[in-house]
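Trainee:
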Amino acid sequence: MQTFDAVVIGAGAAGLFCAGIAGQRGLKVLLIDHADKLAEKIRISGGGRCNFTNREAGPANFLSANPHFCRSALARYTAADFIGLVQRHRIPFHEKHKGQLFCDGASEEIIAMLLRECEQGGVVRWQPCAVHELRRSASGFELDTDRGAVRCLQVVVATGGLSIPKIGASDFGYRIARQFGHRIVETRPALVPLTFDPGAWAPFVPLAGLSLEARVETGSGKSRGEFVEDLLFTHRGLSGPAVLQISTYWQPGTPIRIDLAPSQDLEAVLRTAKNVSRRRLGNELAEILPRRLAETWLAGQPGLAERAMPELRDRDLQALASALERWQLLPSGTEGYRKAEVTAGGVDTGGLSSQTMESRLQPGLYFIGEVVDVTGWLGGYNFQWAWASAAACGRALSERG
Ligand code: FDA
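Residue numbers (this note's numbering): 698 to 1098.
1. Under a Cβ-count criterion, where at least 16 other Cβ atoms within 10 Å of its own Cβ denotes burial, should R746 be classed as buried or exposed?
2. Under the three-state reduction of DSSP, which class applies to P789: helix, strand or coil?
3. With a Cβ-Cβ cutoff of 8 Å, do Y1078 and N751 count as a contact?
4. Okay, do the region 871–891 and the region 717–732 touch, 3+ Cβ pairs below 8 Å being the bar?
5. When DSSP labels each residue in this structure, what does S1095 get in the three-state scheme?
6. I think R1057 touches G1048, with their Cβ atoms under 8 Å apart; what is that distance to the nearest whole Å?
7. Measure the beta-carbon distance from T1031 to T892 and round it to whole angstroms, keeping in mind my assumption that it falls under 8 Å.
8. In chain order, what residues of the same chain have a beta carbon less than 6 Å from the beta carbon of G1098, not counting five sequence neighbours either side?
9. With which residues is T915 paired in a DSSP beta bridge?
10. Does the region 925–936 touch the region 734–745, meaning 3 or more C-beta pairs lie closer than 8 Å?
11. In the structure shown, what three-state DSSP assignment does N972 receive?
12. Evaluate V704 with the Cβ neighbour count: other Cβ atoms within 10 Å of its Cβ, from every protein chain shown; 16 or more gives buried, anything less gives exposed.
13. In whole angstroms, give me the CA-to-CA distance for E792 and V1069.
14. Can E1038 be considered in contact with the ligand FDA, in the sense that its beta carbon sits closer than 7 Å to one or more heavy atoms?
15. Answer with buried or exposed for P900, where buried requires no fewer than 16 other C-beta atoms within 10 angstroms of its C-beta.
16. Could you give the distance in angstroms between the alpha-carbon of Q942 and the alpha-carbon of E914?
17. Given a threshold of 16 other Cβ atoms within 10 Å of its Cβ, counted over all protein chains shown, does Q817 qualify as buried or as exposed?
18. Return the first residue and the last residue of the beta strand (DSSP E) that I718 is part of.
19. How about A855 and G717: are their beta carbons less than 8 Å apart?
20. Report the option in Q1081, R722 and S761 whose CA atom is closest to the CA atom of T884.
21. For I741, is the beta carbon positioned less than 7 Å from some heavy atom of the ligand FDA?
22. Is the Cβ-Cβ distance between G720 and C815 less than 8 Å?
23. State the DSSP-derived secondary structure class of D1011, mapped to helix, strand or coil.
24. Buried or exposed for P862, please, with buried defined as at least 16 other CB atoms from any protein chain shown within 10 angstroms of its CB.
25. Could you work out which residue in E1038, A996, L724 and P938 is closest to T700 when comparing CA atoms only?
26. Given a cut-off of 8 Å on the beta-carbon distance, is the pair A754 and L771 in contact?
27. With hydrogens ignored, establish whether the beta-carbon of K1077 is closer than 7 Å to any heavy atom of the ligand FDA.
28. Please determine, among R832, G1076, A827 and I955, the residue with the shortest C-alpha to C-alpha distance to S867.
29. Using a threshold of 7 Å, is the CB atom of S867 nearer than that to any non-hydrogen atom of the ligand FDA?
30. Counting C-beta neighbours from all protein chains within 10 Å, is the total for T951 16 or more, i.e. buried, or is it exposed?
31. If I measure Cβ to Cβ from S834 and keep anything under 7 Å in the same chain, skipping five residues before and after, which residues do I get?
32. Rounded to whole angstroms, what is the Cα-Cα separation between I807 and T969?
33. Using a Cβ-Cβ cut-off of 6 Å (strictly less than) and excluding sequence neighbours within five positions of W1082, which residues of its own chain qualify?
34. Leaving out five residues before and five after S974 in sequence, what residues of the same chain have Cβ atoms less than 7 Å from its Cβ?
35. Let me check understanding here. Comparing Cα to Cα, which of D1045, C767 and Q824 lies closest to A1089?
36. By Cβ distance below 6 Å, which residues in the same chain neighbour G796 in space, the five residues on each side in sequence not counted?
The structure is reproduced here in structure tokens:
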């Protein structure tokens, strides 16, 4: 039976990074992944250019049952640390929007960088290779894999979340966590488009493809989320960065609220127009909102679009402004794991050390990356969590176990 200091299960963002760090510290590391292709999620991320971190990443950009858990790892391995690594590997990158950093070229450059780091650490990689069973042994752990049994002192579970099953996502990490007594915070698709009852959504179907800036909010108190970003109409509901962000905060059965003109005082704009313009409301509103949206919105109130501005009562304008600024909608669901960028929930952080990601219940067992109940906003934050949690773990693994 082959023996290693550490076996890392899952060669995605967190697993590759952790294996490289531990290998370079002199540990004998085996990295196992069941997928045919290496790190597919990194490859498809950021539209093929990998939004690999966010300059502004901090604890406030993450959701978890314990919002403080991510603090230590994020402070000890920062966005600046990862940017330094990318620069040492001479990968050109640029900032796109709100601190989001993307490769100038392809995401594959990040995968190649992580592989080089693993090679420098002498990491052994078995892929594709499935792990069938993990059990405790007298001196550590034993794993049954497609390539035979393996013995090791420490096991790192880096199997990610449930999103995009067709490229290798599995519930393996949660099953291992339960096997060793860990609690799982209920998992749900996040950073995902929201859907609506087909009947209620029918008037908006023709708007599919239309995008505009909006403020979207949901929840209240500590669980309230609010984002001003682009919103995209789809055939089944809403998507775009604003809605993907809010989906992580959204709880089934609760409404979302949308301001369709977040950078204007709509009532004031309409009142001014009433005083200076003789045009029809439909044309006036089409100056403020995309024309197709203005037409669809007014179509629900027969005759209103044709009325000339001076004829409109102030209270009609006030009602219109208020409806557009406080559009309340009840999503019926989400597009699910098939379309979700991440999985919210996961291994309960109460059972893990925030310093090392080691299980408090089972010494030598570690959980890193998306499998843990830490979910980042859209914009490079989820990769930063993968790097930071992997670094915390990779630096803590030892040769003795
Ligand atoms: P990750 O999913 O990367 O890796 C898990 C690995 O474990 C996989 O290789 C899988 O095959 C393997 N595995 C699973 N089960 C196994 C088993 N039973 N046995 C062996 N191996 C197993 N984030 C971001 O910050 N910026 C971005 O631009 C994007 N863009 C993006 C686009 C799309 C389409 C998606 C789906 C996701 C993103 N993300 C993102 C999210 C980001 O990809 C994600 O949070 C990280 O990849 C998580 O890293 P992990 O290493 O935890 O899991």
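Cβ coordinates follow ideal geometry from the N, Cα and C atoms, glycine included. Note that the structure is a prediction, hence the values are computed from the model and not measured.
Mentor: Considering the structure as presented:
1. buried
2. Residue state, collapsed to three classes: coil.
3. yes
4. no
5. coil
6. Yes, they are in contact, since the Cβ atoms of R1057 and G1048 sit about 5 Å apart, within 8 Å.
7. Right, their Cβ atoms sit about 6 Å apart.
8. Reliability of the predicted coordinates at G1098 is poor, the pLDDT of 49 falling under 50, and the value obtained from them is presented with this limitation in mind. G837, L850, Q851 and G1061.
9. T915 has G922 and I953 as its beta-bridge partners, per DSSP.
10. Not touching, per the Cβ criterion.
11. helix
12. buried
13. 28 Å
14. yes
15. exposed
16. 10 Å
17. Under this definition Q817 is an exposed residue.
18. Membership of I718 in any beta strand (DSSP E) is not indicated; the residue belongs instead to the alpha helix (DSSP H) covering A710 to Q721.
19. no
20. S761
21. yes
22. Yes. Within cutoff.
23. helix
24. exposed
25. L724
26. yes
27. Strictly speaking, residue 1077 in this sequence is Gly, with Lys absent from that position. Because some heavy atom of the ligand FDA lies under 7 Å away, the Cβ of G1077 counts as near it: yes.
28. A827
29. The answer is yes for S867.
30. exposed
31. R848
32. 53 Å
33. V1071 and G1073
34. E981 and M1006
35. C767
36. N751, R752 and E753
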